[in-house]
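Numbering (the UniProt record's numbering), first residue to last: 1 to 126.
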Amino acid sequence: MNPQCARCGKVVYPTEKVNCLDKYWHKGCFHCEVCKMALNMNNYKGYEKKPYCNAHYPKQSFTTVADTPENLRLKQQSELQSQLYSSHLLILHHSDPMAMLFTSCDKHFLMYVRVKVHGEKLRHVS
Numbered sequence: 001m002n003p004q005c006a007r008c009g010k011v012v013y014p015t016e017k018v019n020c021l022d023k024y025w026h027k028g029c030f031h032c033e034v035c036k037m038a039l040n041m042n043n044y045k046g047y048e049k050k051p052y053c054n055a056h057y058p059k060q061s062f063t064t065v066a067d068t069p070e071n072l073r074l075k076q077q078s079e080l081q082s083q084l085y086s087s088h089l090l091i092l093h094h095s096d097p098m099a100m101l102f103t104s105c106d107k108h109f110l111m112y113v114r115v116k117v118h119g120e121k122l123r124h125v126s
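Below you can see the structure in the form of structure tokens.
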């Protein structure tokens with residue numbers, strides 16, 4: 001017995017059959033869901049078992065990540081590391097009372113900056 005077309009529901013005979021996206025289609029019924037452009041096996045894109053042309057293929061959007069116990073643990077760990085790195089600013093040297101050497105410690109780099117106090121502002125000293 002011949003299958004039915006996924007688009008029109010009529011019988012699809014072997015001479016006009018397109019087998020794609022786990023369905024059978026008439027050649028004329030195998031077209032883009034949006035613009036109705038005729039498609040073939042070389043130019044279609046399937047999404048949710050429906051054919052689309054390249055221009056109308058649905059773009060994937062980001063999905064919301066569920067707050068699983070593992071995701072909550074990773075989020076908390078990330079926040080704690082962030083707080084640790086931002087609070088790890090140390091005064092290493094201040095022999096000149098108007099100049100200080102700061103360092104910021106991170107697992108990727110170590111940075112030294114010499115600054116002077118000008119009023120209430122710190123300014124970079126080269």
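Glycine included, each C-beta is placed from N, C-alpha and C at the ideal position.
Discussion item. Pull the bridge partners of residue 24 from the DSSP assignment, please.
Written reply: By one-based count along the sequence shown, residue 24 stands at place 24. Answer is 19.
Discussion item. Which same chain residues end up closer than 7 Å to residue 27 when comparing Cβ atoms and leaving out the 5 residues on each side of it in sequence?
Written reply: Within the sequence shown, numbered from 1, the residue matching residue 27 stands at position 27. Excluding residues within five positions, the ones whose Cβ falls inside 7 Å are 16, 18.
Discussion item. Here's the rule: buried if 16 or more other CB atoms are within 10 angstroms of the residue's CB, otherwise exposed. What is residue 51?
Written reply: Counted from its first residue, the sequence shown places residue 51 at position 51. Burial is judged here by how many other beta carbons sit within 10 angstroms of a residue's own beta carbon; residue 51 has at least 16 and is buried.
Worksheet item: Which whole-angstrom value describes the C-beta separation of residue 29 and residue 53, a residue pair presumed to lie in contact below a C-beta threshold of 8 Å?
Response: Against the sequence shown, residue 29 aligns to sequence position 29. Against the sequence shown, residue 53 aligns to sequence position 53. Not quite, the Cβ-Cβ distance comes to about 15 Å (not below 8 Å), so this is no contact.
Worksheet entry | Which residues DSSP lists as bridging residue 38, in chain order | Within the sequence shown, numbered from 1, the residue matching residue 38 stands at position 38. According to DSSP, which records beta bridges pairwise, residue 38 is partnered with 31.
Worksheet entry | Three-state class that DSSP yields for residue 75 in the structure shown | Locating residue 75 in the sequence shown gives position 75, counting from the first residue. Correct three-state label for residue 75: helix.
Worksheet item: DSSP state of residue 69, grouped into three classes?
Response: Position 69 of the sequence shown, counted from the first residue, corresponds to residue 69. In the structure shown, residue 69 sits in a helix (DSSP, three-state: H, G or I).
Worksheet entry | Same chain only: Cβ atoms within 7 Å of residue 6, ignoring 5 sequence neighbours per side | For the purposes of this step, residue 6 is identified with residue 6 of the sequence shown, where counting begins at 1. Within the same chain, residue 6 has close Cβ partners 23, 24, 25.
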